[in-house]
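Residues in the sequence shown are numbered from 1 upward in steps of one, following full-length UniProt numbering.
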Amino acid sequence: MANFFRDNEDLRFYVERWIDWEPIARATEHDFRSEGGPQNLGEALDLYRDILDMIGTFAAEEIAPHAAQIDREGVIFQDGEASFPPRLASIFEKIRSMELHGLCLPRELGGTNAPAMLYFIGTEVLGRADVSVMAHHGFHGGIALAMLMFSMREGTSEIDPETGRILKTRFRSYIDEIVRGEAWGCMDITEPDAGSDMARLRTRAEQDAEGNWFVTGQKIFITSGHGKYHFVIARTEEPKDEADPFAGLGGLSMFLVPTYEDLPDGTRKRIVTLDRVEEKLGHHASVTAALSFDRAPAHLVGKRGEGFQYMLTMMNNARIGVGFETLGLCEAALAIARGYAAERRSMGKSIDRHEMIADYLDEMHTDIQGIRALAMHGGVHEELAQKKSLRLQFGRLSEIERARLGREISRHKREARRVTPLVKYLGAEKSVEMARRAVQIHGGVGYTKEYGAEKLLRDATVMPIYEGTSQIQSLMAMKDALAGILKRPAAFLRRGAEARVRSVSARDPLERKLARIQVLSHAAQQHLVVRTAGDKLGDALRSPVGSWSTKLLGSWDPKRDFSYAMLHAERLTRLLADEAIGELLFKQAQKHPDRREVLERHLERAEIRARHLADAITTTGDRLLASLSGTDEAKPAAAE
C-alpha cells in the first residue's frame, strides 16, 4: 500500500530522530494533564505517528490517483454559488470522516489536540498528492484555530489556568460548525489596486449607534472564498499623513464576517455576494473568488487599528504552511522525474544515468532537503512561541517563571522570524524550478497532459505569488538582516571575525566550507549597510549644514534610502537561505553522522552560489539605479 509519509526517509528523519517533541507535546497537552489525552511523551509520539501514517496512506491512495481528474473537472460556479464535482466532494467527505478538520483544536472543542507541527507535516504529505486539495483543506481547521487564537488574544476566552482547558470562547458555535465539516472560512485582504500595498486598502467598516459593525467593499483573489466565515481586513480610520506610505496601516481593523445563512428550508441566504470564481492556470480544485460586501454585519476582532497585527499573525503561520506545501509539490516533481528517467532509455542506458539528468535529479533532491530543514526549524519555533505566549497570558506563574518564559518566547520568535521569509521564498521559487525540470526531463511527453508533469508546473506557478510574493519575502528578509546589524553592530562584526577564523582553521573540512559561506554572507550584508549609510551621508553633505542632523537621524525614506539594498534583496535572501540551511544541517551532522552526506551535498552547491551572489551584490546595480533615478551617471559606491 502506497504511503507518502512512510516512503520519505528524510521526512521521517525529522519526525523520528530530529524534532524535540517533548516541549511541543508538553505544551500541547499541558504537562500531560489534558483530559483524554496522552499521559506521557511515548503515548503522544505513538498518536502522532498513527496520524501521519493515516494521512500518508490517504494522500497516496485516495487523492494522488485522482489528481488528473480533479484538475480536469475543477470547481463549479452556478447561480452565484461555488461547489465541487462528485470526486472532489467525496475526498473532502473522507477528510471530514477522518476528523482532520479539528486536528489541532482542543479536545473540548471537538478536536484531536495535535501539535501544529503535525498539521505542517501533513501539509507536505497532502500537498504531494495535490496542492489545490491541500490549499482548500487548510481553510477548515486553520480558520477554526484562528478564531480560537484571536479570541484568546483579545481576552474573550476563558481558560482553566491549571489544566489549560478551554471553558468558553467567543466564536464557539462557528468553530463547532467547522469541526463538523459543515463550513470553512478564509482570509480576505487583497482588493483591486491593493495587493501587497495594504496601506491602499479601501474596504470600509462602520459602526452604528448601537455599536454594531458593518463592512462594505470588494475583495478579490480570495482562496476558498466560497466559505462561510471570512476574516476581513477593513479600514476604520483614515491615515493622518497621506505622504507616509505606511500611515494607512494603523487605520486597518480585523473583522469576522459570516457571508451567508443556511435557512431551515434548505436554501441559502447570501449576505456577501460571490461575484465570480477565477479561471486559473492551475490549482483547479481550489476556489479563488471575488466578493462584494454591502454593509455586511461583522464582528470586530481585537481593537480598532489592530488589524495589521492580527493579519501578520495569520500570515506568519500561513507562510510556514505554504513552505511545507511547496515541499509536497517539489517531492511530487522529483518523484515523477525520477520515475520517468529510470524507465526512459536513450543511447544505450536509462536517462537517469546521463550526467546532466543525474545532476538535475541530485540538485532537486538536495534542494528539497534544504528547504525541509528550514521549514521544520521555522515550524517548531513558531509553535513553541505561540503556545508559550498563551501560557504566559493565562498561566499562574511566579515573576521568575514569567521572566524566564518571556526570554524563551523571544528566542523562539526570533528563530521563526528569521527563517519564515526564507522558507516561503525558497520553497516557492524552487517548486517552479523543479516542476519545470520535471517537464524537461520528460521531454516531449512532459508537454502533454498524459504524464502529469505539466500540471505540476501550472500548480507551482502560483507559489511565488500567494500568501506574500517572493519579492515581499525578500524585502522582509533584507530588512530584518540590516536592522539586526544596525541594532547590534558589535555582535555582527564579531560573528564575521569568528567565521573568517573558522574558514581557515576549523578541523572539520565541512565546517570550513560552511564558514566560507558565512564569510561571503557577512561581506554582502556589510556592503549593503555601508552603502546605504554612505548614500544617506552623501545626500546630507549636499544639503545645508543645519539640516545634516535631521537628514542623518530622521526622515529616512524606505523607497529612496534603501534603494540599493532593495535592488539586491532577492540575491541576499538566497544567500541567507543557503547560509541558514548550512547551519541547520551542520547541527544535524554533529549529532547524527549519517547526515554529513546531506550537509556535504548542500555545501558543495551552496558555496558556488554564495560566491556568485556576494559578487553580484557588491559589484552591480549602480547603472540600473541611476537610470531609475533619472541621473546621468551612476553614483560611486561608498568607501568601505
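Where a beta carbon is used, it is the ideal one built from N, C-alpha and C, also for glycine. All figures in this text were calculated on a predicted structure; none of them were measured in a lab.
Backbone CA spacing between residue i and residue j [nearest angstrom]
| i | j | result |
| --- | --- | --- |
| V529 | G142 | 39 Å |
| A337 | P258 | 44 Å |
| R87 | S97 | 15 Å |
| W548 | G250 | The pLDDT assigned to W548 is 45, lower than 50, so where the model puts this residue is not dependable, and the model offers no usable value. |
| Y14 | K424 | 19 Å |
| K387 | L575 | 31 Å |
| I371 | M152 | 32 Å |
| L52 | M463 | 24 Å |
| K228 | D10 | 38 Å |
| I159 | E607 | 50 Å |
| R268 | H230 | 17 Å |
| E511 | A60 | 39 Å |
| G248 | M476 | 19 Å |
| A332 | W213 | 45 Å |
| G484 | L456 | 38 Å |
| D31 | P38 | 10 Å |
| G379 | N113 | 17 Å |
| Q309 | K303 | 11 Å |
| T156 | P23 | 27 Å |
| G621 | Y564 | 7 Å |
| E261 | H140 | 18 Å |
Contact check, residue i vs residue j, beta carbons under 8 Å
| i | j | result |
| --- | --- | --- |
| A318 | F255 | no |
| L300 | V272 | no |
| L263 | V179 | no |
| L374 | I581 | yes |
| A82 | S286 | no |
| T288 | T223 | yes |
| T420 | I320 | yes |
| H527 | R495 | no |
| S470 | A428 | yes |
| S34 | T163 | yes |
| G446 | A438 | yes |
| D480 | R407 | no |
| G111 | I55 | no |
| L514 | L603 | yes |
| L585 | R595 | yes |
| H283 | I70 | no |
| T619 | L422 | no |
| G452 | A67 | yes |
| L405 | R414 | no |
| R623 | T366 | no |
| M434 | L334 | yes |
| P65 | I76 | no |
| D188 | K168 | no |
| I166 | V133 | no |
With 16 other Cβ atoms within 10 Å as the buried cut-off, status of residue i
| i | result |
| --- | --- |
| A569 | buried |
| V215 | buried |
| I617 | buried |
| E355 | exposed |
| N8 | buried |
| T448 | exposed |
| M149 | buried |
| E579 | buried |
| I400 | exposed |
| R235 | buried |
| P115 | buried |
| H612 | exposed |
| S196 | exposed |
| A610 | buried |
| Q588 | buried |
| L274 | buried |
Supposed close pair residue i, residue j - CB separation, criterion 8 Å
| i | j | result |
| --- | --- | --- |
| G211 | F293 | Going by Cβ atoms, the distance from G211 to F293 rounds to 19 Å, so no, they are not a contact pair. |
| H412 | H442 | Wrong, their Cβ atoms sit about 43 Å apart, outside the cutoff. |
| V125 | D459 | Not confirmed; about 16 Å, so no contact. |
| M147 | Y174 | 6 Å |
| A44 | W21 | 7 Å |
| F330 | I357 | Phe is not the amino acid found at residue 330; the sequence shown has Cys there. Not a contact, Cβ separation roughly 17 Å. |
| T461 | V501 | Incorrect: roughly 44 Å between the Cβ atoms, too far for contact. |
| L426 | A577 | 5 Å |
| G307 | E237 | Not quite, the Cβ-Cβ distance comes to about 10 Å (not below 8 Å), so this is no contact. |
| A499 | Q518 | 4 Å |
What beta strand (DSSP E) runs, 3 residues minimum, are completely inside the stretch 70–140? Every unbroken stretch of the beta strand (DSSP E) spanning 3 or more residues and falling wholly within the stretch 70–140 is given here in chain order: 76–78, 81–83.
Runs of 3 residues minimum, wholly inside the UniProt domain "Acyl-CoA oxidase/dehydrogenase middle" (186–295): which ones carry the beta strand (DSSP E) assignment? 204–207, 213–223, 229–235, 252–258, 260–262, 268–270, 273–277
Which runs of the alpha helix (DSSP H) at least 4 residues long sit entirely within the stretch 385–430? Give them in chain order. none
Which runs of the alpha helix (DSSP H) at least 4 residues long sit entirely within the stretch 554–628? Give them in chain order. 558–561, 563–567, 569–591, 596–619
What ranges does the alpha helix (DSSP H) occupy inside the stretch 295–342, keeping only unbroken runs of at least 4 residues that lie completely in it? none
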